[in-house]
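Report on the structure given below.
2 protein chains.
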Amino acid sequence: MASYFPDVTANRFPPQHPLQRNLGFIFDVDGVLCRGEDVIPRAPEAIERLRRGGKRVIFISNNSTKSRADYIAKFERMGIPVTPDDLVLSTYATAQYVAQERPGAKVYMVGAPGLAAELELAGLVLVEDPFQAEYVVVGSAFDGTGRIREDNAHRITGALRALYHAGAKFIATNPDRIFPAKDGVIPGTGAVIGALSYMLDREPDAVIGKPSKYIVEIALSRLGLSPGECAIVGDMDTDMLAGKRLGMTTVFVRSGAMTEEKLHSLGVKPDFAFDSVIDILAWEGG
Amino acid sequence: MASYFPDVTANRFPPQHPLQRNLGFIFDVDGVLCRGEDVIPRAPEAIERLRRGGKRVIFISNNSTKSRADYIAKFERMGIPVTPDDLVLSTYATAQYVAQERPGAKVYMVGAPGLAAELELAGLVLVEDPFQAEYVVVGSAFDGTGRIREDNAHRITGALRALYHAGAKFIATNPDRIFPAKDGVIPGTGAVIGALSYMLDREPDAVIGKPSKYIVEIALSRLGLSPGECAIVGDMDTDMLAGKRLGMTTVFVRSGAMTEEKLHSLGVKPDFAFDSVIDILAWEGG
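So the sequences go chain by chain: R and S. In the working numbering, each residue's number is its place in the first sequence (first place is 1) plus 4. In the working numbering, each residue's number is its place in the second sequence (first place is 1) plus 4.
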């Protein structure tokens with residue numbers, strides 16, 4: 005890990021700008037670097053200058069349907085060079101969480117092919133028989149139009165049976181409720197969590213995505229830095245809450261889905277707030 | 005209504021057995037008259053003798069997928085003669101509830117053809133465009149194997165949009181969580197309620213089936229009797245709770261899914277408990 009990221013040892017003495025003290029930066033993606041397919045102006049430049057300045061940079065997203073390989077193409081279109089090691093999606097983070105808890109565990113999955121890919125890359129065994137499952141892992145079961153994926157039509161019942169009959173553990177990629185889409189809102193992973201929780205009168209044993217700390221802990225572990233050495237940059241209360249839970253520096257950007265007023269009304273006060281990611285570089289005087 | 009059921013005026017003076025005082029009997033179906041396709045021994049005889057003795061009899065069920073027309077065949081197979089007027093299923097009761105609150109309302113439905121049939125029979129207008137909906141009515145979206153019905157694959161999102169964008173009211177046929185089936189449990193209406201409630205952080209505006217009092221109130225209104233003149237006969241805590249909420253006589257039968265010990269452990273004490281419906285007729289000395 006230490007060889008993959010730049011050597012930041014020289015930066016361990018505090019420079020002048022309090023934000024510049026941070027050796028690592030964890031960036032949320034949607035609303036911070038892009039809005040859908042549109043790149044936030046100068047976001048690629050901001051990442052490049054941070055890296056050139058010796059900072060370690062990593063990207064996190066609650067996305068529960070895509071693998072890191074899927075996200076490489078998205079970052080290429082944005083003009084931000086990345087490898088899979090720079091990406092901590094909730095698919096990957098969930099796979100890591102389960103594999104650390106029980107290596108090679110048998111998993112019954114609700115979700116998209118990107119989730120299946122990451123679970124298998126982590127050495128977990130996907131099972132189709134709910135009665136064989138040690139874990140149930142749930143992501144979004146819906147496509148971009150809001151239809152249940154054809155290959156998920158039986159999977160809410162499968163997950164129910166794995167939890168009810170086989171005593172499987174219940175892990176959710178993220179707690180996201182709804183997303184805007186072309187013809188109206190569409191369900192997030194929360195639809196599946198809600199269905200199973202109501203039927204079984206039981207919450208998930210763990211939720212990996214923000215505002216949970218798990219996804220951020222996995223990003224920190226990849227960076228090889230402690231929470232006090234890193235800032236989290238995001239456009240939502242969930243980003244700030246995950247960072248605060250771990251004692252990180254929190255940086256809100258106004259380029260995303262949530263206004264600063266809304267953030268404050270939720271009782272969340274970030275350490276810094278900027279219009280856009282490029283403004284983080286103010287410490288360079290430009 | 006008074007002409008449809010027998011004249012019970014002559015019975016308004018209390019006879020000796022306290023249960024016999026009741027002029028009307030509301031029967032749950034599964035676990036009381038039958039177990040799946042098997043008739044409970046002497047259940048048809050019990051119904052016949054009650055009717056012959058001048059009692060008004062009506063049948064209620066939380067079933068959210070069948071119309072009353074569908075249930076006629078089930079009763080014919082059991083050997084209990086009924087007309088649709090003798091049946092208060094949660095499909096029918098929900099349709100009555102909505103039609104009484106807003107006659108001719110535009111309804112977006114999640115559920116089976118039996119629910120659609122009852123909504124239309126009550127003069128409600130089924131809409132396919134969620135943005136047109138005044139009400140969302142939800143029943144079970146799953147088939148007997150636990151797959152989401154093909155014609156419901158887009159309907160959880162449709163219901164979400166009707167509630168989120170169009171401000172529709174949210175009505176559930178029943179709150180049932182899970183049911184036993186051949187290969188393991190299958191989801192009840194609760195899966196849909198849970199998905200929508202989690203996404204919207206909102207409970208249904210009304211739940212019609214037991215243990216709610218609504219379905220029983222509709223049965224009482226069809227009987228033309230007050231709660232104090234009627235007994236409810238069931239095999240579950242939900243039957244007893246609905247009856248107690250309304251001040252009815254409650255009769256538990258041990259022929260169904262719940263043991264009397266389980267019932268008591270839930271803190272529910274019925275007025276009477278029998279092995280089977282035929283034992284209700286003990287007052288006749290037979």
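Glycine is no exception: its CB is placed at the ideal position from the N, C-alpha and C atoms.
Item to complete: Pair every Cβ in the region 186-200 of chain S with every Cβ in the region 219-227 of chain S, then say whether three or more of these pairs are closer than 8 Å.
Response: In this structure the region 186-200 of chain S does not touch the region 219-227 of chain S; the number of beta carbon pairs closer than 8 Å is below three.
Item to complete: On the DSSP bridge assignment, give the partners of Ala47 of chain R in chain order.
Response: Listed as beta-bridge partners of Ala47 of chain R by DSSP are no residues whatsoever.
Worksheet item: Can you check whether the CB of Asp279 of chain S is closer than 8 Å to the CB of Arg249 of chain S?
Response: Against a cut-off of 8 Å, the Cβ pair of Asp279 of chain S and Arg249 of chain S comes out as no contact.
Discussion item. Between Val114 of chain S and chain R, is the shortest Cβ-Cβ distance under 8 Å, so that the two count as touching?
Written reply: It does not: the Cβ of Val114 of chain S has no partner Cβ on chain R nearer than 8 Å.
Discussion item. Taking 8 Å as the threshold (beta carbon to beta carbon), is Ser201 of chain S in contact with chain R?
Written reply: Chain R, which has a Cβ nearer than 8 Å to the Cβ of Ser201 of chain S, makes this yes.
Worksheet item: With 8 Å set as the bound, which would you pick, yes or no: does the beta-carbon of Val211 of chain R sit closer than that to a beta-carbon of chain S?
Response: With respect to chain S, the C-beta atom of Val211 of chain R has no partner C-beta closer than 8 Å.
Worksheet item: Taking DSSP as the reference, what is the three-state secondary structure of Met5 of chain S?
Response: Confidence at Met5 of chain S is low in this model, with a pLDDT of 45, below 50, so its placement is unreliable and the value that follows should be read with caution. Correct three-state label for Met5 of chain S: coil.
Discussion item. Counting only Cβ pairs nearer than 9 Å, list the residues of chain R close to Gly271 of chain S.
Written reply: In chain order: nothing, as chain R lies at least about 17 Å away.
Discussion item. What ranges does the beta strand (DSSP E) occupy inside the region 107-140 of chain R, keeping only unbroken runs of at least 3 residues that lie completely in it?
Written reply: Runs of the beta strand (DSSP E) lying entirely within the region 107-140 of chain R and spanning at least 3 residues, in chain order: 110-114.
Fill in: Which residues DSSP lists as bridging Arg153 of chain S, in chain order
Checking the DSSP bridge columns, you'll see Arg153 of chain S has no partner listed.
Worksheet item: Which residues, in order along the region 142-158 of chain R, keep a beta-carbon less than 7 Å from a beta-carbon of chain S?
Response: Taking 7 Å as the Cβ-Cβ cut-off against chain S, the residues of the region 142-158 of chain R that qualify are Phe146, Gly150, Arg151, Ile152, Ala157, His158.
Worksheet item: What residues are listed by DSSP as bridge partners for Ala89 of chain R?
Response: In the sequence as displayed, the identity of residue 89 of chain R is Asp instead of Ala. DSSP lists no partner for Asp89 of chain R.
Worksheet item: Tell me which same chain residues have a C-beta within less than 7 Å of the C-beta of Ala103 of chain S, skipping the five on either side of it?
Response: Close CB contacts of Ala103 of chain S within its chain, under the 7 Å cut and outside five residues either way in sequence, are with Ala126, Gly127, Leu128 (chain order).
Worksheet item: Enumerated in chain order, which unbroken segments of the alpha helix (DSSP H) with a length of 4 residues or greater are wholly contained in the region 149-231 of chain R?
Response: The qualifying runs are 159-168, 194-204, 218-227.
Discussion item. Taking 8 Å as the threshold (beta carbon to beta carbon), is Arg165 of chain R in contact with chain S?
Written reply: Using a CB distance cut-off of 8 Å, Arg165 of chain R counts as an interface residue toward chain S.
Worksheet item: Measuring CA to CA, which of R:Ala109, R:Lys78, R:Ala120 is closest to Asp96 of chain R?
Response: First, the amino acid is wrong: residue 96 of chain R is Tyr here, not Asp. That would be R:Ala120, whose Cα lies nearest to the Cα of Tyr96 of chain R.
Worksheet entry | Chain-ordered chain R contacts of Gly194 of chain S [CB-CB under 9 Å] | The answer, in chain order, is Ala199, Tyr202, Met203.
Discussion item. Less than 7 Å between C-beta atoms, sequence neighbours within five positions excluded: which residues of the same chain meet that for Asp243 of chain R?
Written reply: Contacts found: Asp32, Lys214, Ile236.
Worksheet item: Among the residues of its own chain, which have a CB less than 8 Å from the CB of Gly108 of chain S, if the five just before and after it don't count?
Response: Cβ neighbours of Gly108 of chain S beyond the five flanking positions: Gly127, Leu128, Val129.
Discussion item. Just to make sure I have the definition right: I need the residues of chain R whose C-beta is within less than 9 Å of the C-beta of Ile190 of chain S. Which are they?
Written reply: Chain R residues near Ile190 of chain S: Thr161, Leu164, Arg165.
Item to complete: Give every residue of the same chain whose Cβ lies closer than 8 Å to the Cβ of Phe135 of chain S, excluding the five residues on either side of it in the sequence, and list them in chain order.
Response: Arg165, Ala166, His169, Ala170.
Discussion item. Per the DSSP calculation, Thr254 of chain S is bridged to which residue(s)?
Written reply: The bridge partners DSSP lists for Thr254 of chain S are S:Ile236.
Item to complete: Could you check how far apart the C-beta atoms of Ile84 of chain R and Leu37 of chain R are, in whole angstroms? I think they sit under 8 Å.
Response: Sure, about 7 Å apart at Cβ, within 8 Å.
Discussion item. With distance defined between alpha-carbon atoms, name the residue in S:Glu138, S:Met113, S:Thr87, S:Ile76 nearest to Arg306 of chain S.
Written reply: The displayed coordinates of chain S run from 5 to 290. Any statement about residue 306 of chain S would go beyond what the structure contains.
Practice prompt. Show which residues of chain R have a CB atom less than 8 Å away from the CB atom of Arg181 of chain S.
Written response: The answer, in chain order, is Tyr202, Met203, Leu204, Asp205.
Fill in: Sequence-distant residues of the same chain with beta carbon closer than 8 Å to Arg53 of chain R, five excluded per side
Once the five neighbours on either side are set aside, the close Cβ partners of Arg53 of chain R are Leu285, Glu288.
Worksheet entry | Span of the alpha helix (DSSP H) around Ala77 of chain R | Where Ala77 of chain R is concerned, the enclosing alpha helix (DSSP H) starts and stops at 72-82.
Practice prompt. Look at the Cβ atom of Met203 of chain S, then the Cβ atom of Ile160 of chain R, and state whether they are nearer than 8 Å.
Written response: No, Cβ-Cβ distance for Met203 of chain S and Ile160 of chain R is not below 8 Å.
Discussion item. Can you look up Ala145 of chain R in the DSSP assignment and give me helix, strand or coil?
Written reply: Note: Ala145 of chain R maps to coil in three-state DSSP.
Discussion item. Can you give me the C-alpha to C-alpha distance between Leu123 of chain S and Asp133 of chain S, rounded to a whole angstrom?
Written reply: Rounded to whole angstroms, Leu123 of chain S and Asp133 of chain S show a C-alpha spacing of 16 Å.
Item to complete: Note down the Cα distance separating Leu267 of chain S from Pro88 of chain R, rounded to an integer number of angstroms.
Response: Distance between the alpha carbons of Leu267 of chain S and Pro88 of chain R is about 55 Å.
Worksheet item: So which of S:Val140, S:Ala261, S:Ser65, S:Val61 has the shortest CA-CA distance to Pro184 of chain S?
Response: Out of S:Val140, S:Ala261, S:Ser65, S:Val61, S:Ala261 has the C-alpha closest to the C-alpha of Pro184 of chain S.
Worksheet item: Which of helix, strand or coil does DSSP assign to Asp11 of chain S?
Response: Collapsing the DSSP output to three states places Asp11 of chain S in coil.
Worksheet item: So, is Ala157 of chain R buried or exposed, given that buried needs 16 or more other C-beta atoms within 10 angstroms?
Response: Ala157 of chain R should be labelled buried.
Item to complete: Determine the direct distance from the alpha carbon of Ala210 of chain R to that of Ser68 of chain S, and round the result to whole angstroms.
Response: Spanning the two alpha carbons is a distance of roughly 33 Å.
Worksheet item: What residues of chain R sit near Pro134 of chain S, judged by a beta carbon separation below 8 Å?
Response: The contacting residues are Gly188.
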